[in-house]
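Heads up: the sequence shown begins at 29 in my numbering, then just goes up one per residue.
The C-beta atom is built at its ideal place from N, Cα and C for all residues, glycine as well.
From a predicted model like this one, the values you see are computed outputs, not experimental measurements.
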Amino acid sequence: MAYDPSNIFARILRGEIPCQRLYEDHWALAFRDIHPQAPHHVLVIPKGAYVSFADFAAEASAEEIVGFTRAVGLVAGQLGLEAGGYRLLANHGPDSHQEVPHYHVHILGGRPLGPLVLRPAPAA
Ligand code: AMP
Numbered sequence: 029m030a031y032d033p034s035n036i037f038a039r040i041l042r043g044e045i046p047c048q049r050l051y052e053d054h055w056a057l058a059f060r061d062i063h064p065q066a067p068h069h070v071l072v073i074p075k076g077a078y079v080s081f082a083d084f085a086a087e088a089s090a091e092e093i094v095g096f097t098r099a100v101g102l103v104a105g106q107l108g109l110e111a112g113g114y115r116l117l118a119n120h121g122p123d124s125h126q127e128v129p130h131y132h133v134h135i136l137g138g139r140p141l142g143p144l145v146l147r148p149a150p151a152a
């Protein structure tokens, strides 16, 4: 799938639409999810143009992967989530219900999240 530069996170990166920014460095930008599913629900996105985790894992340079991964860890730490714990989630493709085609990691935390529960499969 080709990268669509008009996606909403690309527009956030270009400063065309606002976000609740928490952290930014050379590799990553972190901001609060607009529809939070937990007391802390933060999205961390790479600065580079990658559609999803699969694209990032295959195409990003080692420096980008390390820089991005460190940024995710830093943000979770800055949010004070290390002791209590947090969940990382990245959706790839239609079965995952990925909505925004720019790779992003969700950081979820701030309360006990319980086990990961998915919706049941629709009846055949
Ligand atoms: P995903 O389903 O993994 O693609 O998640 C996309 C996430 O982006 C959802 O949790 C949305 O609530 C969130 N989102 C969409 N638009 C914005 C926005 N403008 N600012 C912050 N979060 C957004």
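The ligand AMP and residue i: does the residue's C-beta get closer than 7 Å to at least one heavy atom of that ligand?
i	result
D123	no
H68	no
N156	Because the chain is modelled from 29 through 152, residue 156 falls outside the range shown and cannot be assessed.
I45	yes
V128	yes
L71	yes
I62	yes
F59	yes
H132	yes
The alpha helix (DSSP H) with residue i in it runs from where to where?
i	result
L220	Absent from the model: residue 220. The displayed extent of the chain is 29 to 152, so no value can be given.
S41	For the sequence presented, residue 41 should be read as Leu rather than Ser. Counting along the chain, the alpha helix (DSSP H) containing L41 begins and ends at 36-41.
E110	Element bounds for E110: n/a, residue is neither H nor E.
Classify residue i as buried or exposed, calling it buried when 16 or more other Cβ atoms lie within 10 Å of its own Cβ.
i	result
A30	exposed
D83	buried
H63	exposed
P148	exposed
Can you give me the start and stop residues for the beta strand (DSSP E) that residue i sits inside?
i	result
V94	Premise fails: V94 lies in the alpha helix (DSSP H), 90-106, not in any beta strand (DSSP E).
What residues in its chain sit with their C-beta under 8 Å from that of residue i, if we drop five residues either side in the sequence?
i	result
A88	P74, G76, Y78, F96
H54	K75, G95
D61	H69, V70, L71, H134
H120	S80, F81, A82, Q126
E110	A104
Using only CA atoms, which one of the options lies nearest to residue i?
i	options	result
H125	P140, Y114, L146	L146
G137	A104, F59, Y131	A104
Compute every distance between the C-beta of residue i and the non-hydrogen atoms of the ligand NAP, then say whether any falls below 7 Å.
i	result
K75	Here the bound small molecules are the ligand AMP; the ligand NAP is not part of this structure.
In its own chain, which residues sit with a C-beta less than 7 Å from the C-beta of residue i, not counting the 5 before and 5 after it?
i	result
E92	W55, P74, G76
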